[in-house]
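Sequential numbering from 1 applies to the sequence shown in the UniProt record's numbering.
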Amino acid sequence: MLLSQTLFRYNYKPLTCPKIEATVYFAGLRTHLRTSYRTVIAPLFINNGSNPPLTTNFAPCKAIPENDANIVNNKDEISDGKSFWGAVSLIIGTAVGPGMLGLPALTIKSGPFPSTIIILASWVYVISSIMIVAELCFDFMEEHKVEEVSFTSLSTNTLGTGFGAFVAVVYSSLSFSLLVACVAGIGSILSPWFSKVNVLVVHAMFPLLVGTLIAFFPFSTIDVANRLLCFLMLFSITGLVAVGIFLARANIVNSVAVASWRLSSILPIIPVAVLTLGFHVITPFMCKVAGNTLHEARKAILIGGSVPLVMVLSWNLIVLGLAGSNSTFSDPISLLLSVNPSALSAVQGFAFSALATSLIGYSVSLPKQLLDTLELVSGSAKVCNEHSNTNGRVGLAFYSAGSCVGNSGKVWFKGSRNENIVGPKMRSNERTYDPVKVLITLSLLGFSVLIASFFRSTFSAALDFAGVYANCFLFGIIPPVMAYMQQSKKKIRQSIIPGGNGTLLLLFIISVVLGIWH
Numbered sequence: 001m002l003l004s005q006t007l008f009r010y011n012y013k014p015l016t017c018p019k020i021e022a023t024v025y026f027a028g029l030r031t032h033l034r035t036s037y038r039t040v041i042a043p044l045f046i047n048n049g050s051n052p053p054l055t056t057n058f059a060p061c062k063a064i065p066e067n068d069a070n071i072v073n074n075k076d077e078i079s080d081g082k083s084f085w086g087a088v089s090l091i092i093g094t095a096v097g098p099g100m101l102g103l104p105a106l107t108i109k110s111g112p113f114p115s116t117i118i119i120l121a122s123w124v125y126v127i128s129s130i131m132i133v134a135e136l137c138f139d140f141m142e143e144h145k146v147e148e149v150s151f152t153s154l155s156t157n158t159l160g161t162g163f164g165a166f167v168a169v170v171y172s173s174l175s176f177s178l179l180v181a182c183v184a185g186i187g188s189i190l191s192p193w194f195s196k197v198n199v200l201v202v203h204a205m206f207p208l209l210v211g212t213l214i215a216f217f218p219f220s221t222i223d224v225a226n227r228l229l230c231f232l233m234l235f236s237i238t239g240l241v242a243v244g245i246f247l248a249r250a251n252i253v254n255s256v257a258v259a260s261w262r263l264s265s266i267l268p269i270i271p272v273a274v275l276t277l278g279f280h281v282i283t284p285f286m287c288k289v290a291g292n293t294l295h296e297a298r299k300a301i302l303i304g305g306s307v308p309l310v311m312v313l314s315w316n317l318i319v320l321g322l323a324g325s326n327s328t329f330s331d332p333i334s335l336l337l338s339v340n341p342s343a344l345s346a347v348q349g350f351a352f353s354a355l356a357t358s359l360i361g362y363s364v365s366l367p368k369q370l371l372d373t374l375e376l377v378s379g380s381a382k383v384c385n386e387h388s389n390t391n392g393r394v395g396l397a398f399y400s401a402g403s404c405v406g407n408s409g410k411v412w413f414k415g416s417r418n419e420n421i422v423g424p425k426m427r428s429n430e431r432t433y434d435p436v437k438v439l440i441t442l443s444l445l446g447f448s449v450l451i452a453s454f455f456r457s458t459f460s461a462a463l464d465f466a467g468v469y470a471n472c473f474l475f476g477i478i479p480p481v482m483a484y485m486q487q488s489k490k491k492i493r494q495s496i497i498p499g500g501n502g503t504l505l506l507l508f509i510i511s512v513v514l515g516i517w518h
């Protein structure tokens, strides 16, 4: 016998498509509410109005009381793929990366005290900008009923398709340059250990491992690997501080007295400091992972962003003390490897873990960004709420009347690719094997390895490119402009950033000035 009821309640945010009016048909065993809390199996039919019902394989239906608590507290469904501390570790790992390794080569010209002031000011600037990006991400996800957004979608939705395409290209170029910098830095660190191995193989070893993890394993496995590297990074920086204070206490004290407040010594620090402390590149992905609310994302930003600040300040002070004020190295990695031999292991361990965690962060966020960019530039991007697109998870269907009262089942729409996704296969999209995303991830890492292997000055060049665009365009100018556009449309909540439009204008002016003076 066929039992049918109109879809009554959505309690799960859709993953890829907005809510679509539909009729859900459960056919199978009738289960009375009083006598059954057991799981029954019933075929599931979905009708989206104009099309005939689409049938899937068997989907589980559980007879449970019609109670909102059972819906809201279904943590297995709502928080699938969410990890607050995973988001924090992703922020720490991404922020502490190639920019941090290149910072001492610039701060050595001004000295520890002036550079500390500049780093603190840069941190306030960065966190303010990232808070704006996070608010825009959640506003977009709520408006379009999606679980993940890329910077391309964000800029296109706010600034229009034309300018959004330009922003997307620059943003993708920035992300790729940082990816290349990570690969080049790791290769430079590993080269002394594998001096007899071909340079291409040395540069490819770790990216191949990262690519395998990202392409073929769920996010939980990547999260564990990232956390282990974060612990190694914290252990290394702690050991470096202890060794540095013990070995170079006099040099550190003397270096504090060295101070140069000339603009030529201070201004070059700012773009790299912003790049070092910033994690705009992974902010959209972090908003997806951190939790279901903006409040959780804000906490992750503050906690995850504070740890790199402490580490950067400690790193800057210790490395300048160990290297000495008279050190002159054009290559940042060479400067790091020139420190006191007793501290070299700690420096290498910290540098490797910092670059490795950043490589993971950029690798998980760049493929989706690149896909959206290619679609936007080619003009084939589709709006998510088009009625022609019926792929995607709709939610949980609960009966509120009739003989099948209380039965529940997961609802998906079946699209043109004739996919059947039911039962245990219903997972959030980060667990679904995507051949296109796998191919793009491996291709990006492969191109990064080739560039880093055959152009040995890649690390500094990539940092210079990323520093300019990160500071004066993407990280500084674009977020305030997008926030103002959204506020003018009255589509965004009250900002956590005090000062409102005045603060947005200040951030915009600072970014323009830094871009001109760089």
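We put the CB at the ideal spot given by N, CA and C, even for glycine.
Query                                                                                                                                                                                         : Result
I303 to I92, Cα distance in whole Å?                                                                                                                                                          : 9 Å
When the Cα atoms are used, what is the spatial distance from M311 to M205?                                                                                                                   : 27 Å
Could you check whether the region 137 to 151 touches the region 249 to 259, counting it as contact only if at least three pairs of C-beta atoms, one from each stretch, sit closer than 8 Å? : no
Which stretch, first to last residue, makes up the alpha helix (DSSP H) that contains R227?                                                                                                   : 219 to 247
To which residues of the same chain is L208 closer than 6 Å at the C-beta, ignoring the five residues directly before and after it?                                                           : none
Rounding to the nearest angstrom, what Cα-Cα distance links residue 524 and A461 in this structure?                                                                                           : This structure cannot speak to residue 524, because the chain is shown only from 1 to 518.
Would you be able to state if there are at least three C-beta pairs under 8 Å between the region 351 to 370 and the region 253 to 266?                                                        : no
Quick one: grab the DSSP three-state call for D139.                                                                                                                                           : helix
By how many angstroms is the C-alpha of P218 removed from the C-alpha of residue 519?                                                                                                         : Lying before the first or after the last residue shown, residue 519 is absent from the chain, which here runs from 1 to 518.
Looking at the secondary structure, which residues open and close the alpha helix (DSSP H) in which V438 lies?                                                                                : 435 to 454
Report the rounded CA-to-CA distance for V149 versus T503, giving the unit in angstroms.                                                                                                      : 25 Å
Can you have a look at V196 and say buried or exposed, based on whether 16 or more other CB atoms are within 10 angstroms of its CB?                                                          : Inspection of the sequence shows that residue 196 is occupied by Lys rather than by Val. Burial call: exposed.
For A165, collect the residues of the same chain with a Cβ closer than 7 Å to its Cβ; drop the 5 residues on either side in sequence, then sort them by chain order.                          : L376, V377
Just mark L505 as buried or exposed, buried being the case when its beta carbon has 16 or more other beta carbons within 10 Å.                                                                : exposed
In chain order, which beta strand (DSSP E) runs of at least 3 residues are fully inside the region 167 to 194?                                                                                : none
Rounded to a whole number of angstroms, what is the C-alpha to C-alpha distance between V289 and V307?                                                                                        : 19 Å
Would you kindly report the start and end of the unbroken alpha helix (DSSP H) that includes V146?                                                                                            : That residue, V146, is in no alpha helix (DSSP H); it is neither H nor E in DSSP.
So F459 and A181 are in contact, right, with Cβ under 8 Å, and what is the actual spacing, rounded?                                                                                           : 5 Å
Closest to S264 by CA distance: which of L90, G111, S443 is it?                                                                                                                               : G111
Apart from the five residues just before and just after V199, which ones in its own chain have a Cβ nearer than 6 Å to its Cβ?                                                                : S453
For G239 and S353, I'd like the C-alpha separation in whole angstroms.                                                                                                                        : 14 Å
Which residue marks the beginning of the alpha helix (DSSP H) containing F84, and which one marks its end?                                                                                    : 84 to 95
Return the first residue and the last residue of the alpha helix (DSSP H) that residue 556 is part of.                                                                                        : The question about residue 556 has no answer, for the chain in this structure spans 1 to 518.
Helix, strand or coil for G361? Go by DSSP, reduced to three states.                                                                                                                          : helix
Pull up the CB-CB distance for I237 and S314, whole angstroms please, since I reckon it's below 8 Å.                                                                                          : 6 Å
Just reading off the alpha helix (DSSP H) that S110 is part of, what are its end residues?                                                                                                    : Where S110 is concerned, there is no enclosing alpha helix (DSSP H), given that its DSSP letter is neither H nor E.
I'd like to know if the region 275 to 284 and the region 126 to 136 are in contact, where contact means that at least 3 CB-CB pairs between them fall below 8 Å.                              : yes
In whole angstroms, what is the alpha-carbon distance linking I266 and L120?                                                                                                                  : 13 Å
Taking just the CA atoms, how far does T152 sit from L373?                                                                                                                                    : Per the sequence presented here, residue 373 reads as Thr, with Leu not at that position. So the alpha carbons of these two residues sit roughly 6 Å apart.
Taking the Cβ atom as the reference point for each residue, do N292 and K82 lie within a distance shorter than 8 Å?                                                                           : yes
For W193, is the classification buried or exposed, using 16 other Cβ atoms within 10 angstroms of its Cβ as the cut-off for buried?                                                           : exposed
Given a threshold of 16 other Cβ atoms within 10 Å of its Cβ, counted over all protein chains shown, does I245 qualify as buried or as exposed?                                               : exposed
Would you mind working out which of H203, M485, F216 sits nearest K437, comparing C-alpha positions?                                                                                          : F216
Mapping DSSP to helix, strand and coil, what is R298?                                                                                                                                         : helix
Compare the Cα-Cα distances from K109 to each of G160, L442, F455, S260 and report the closest residue.                                                                                       : S260
So what does DSSP say about L103, is it helix, strand or coil?                                                                                                                                : coil
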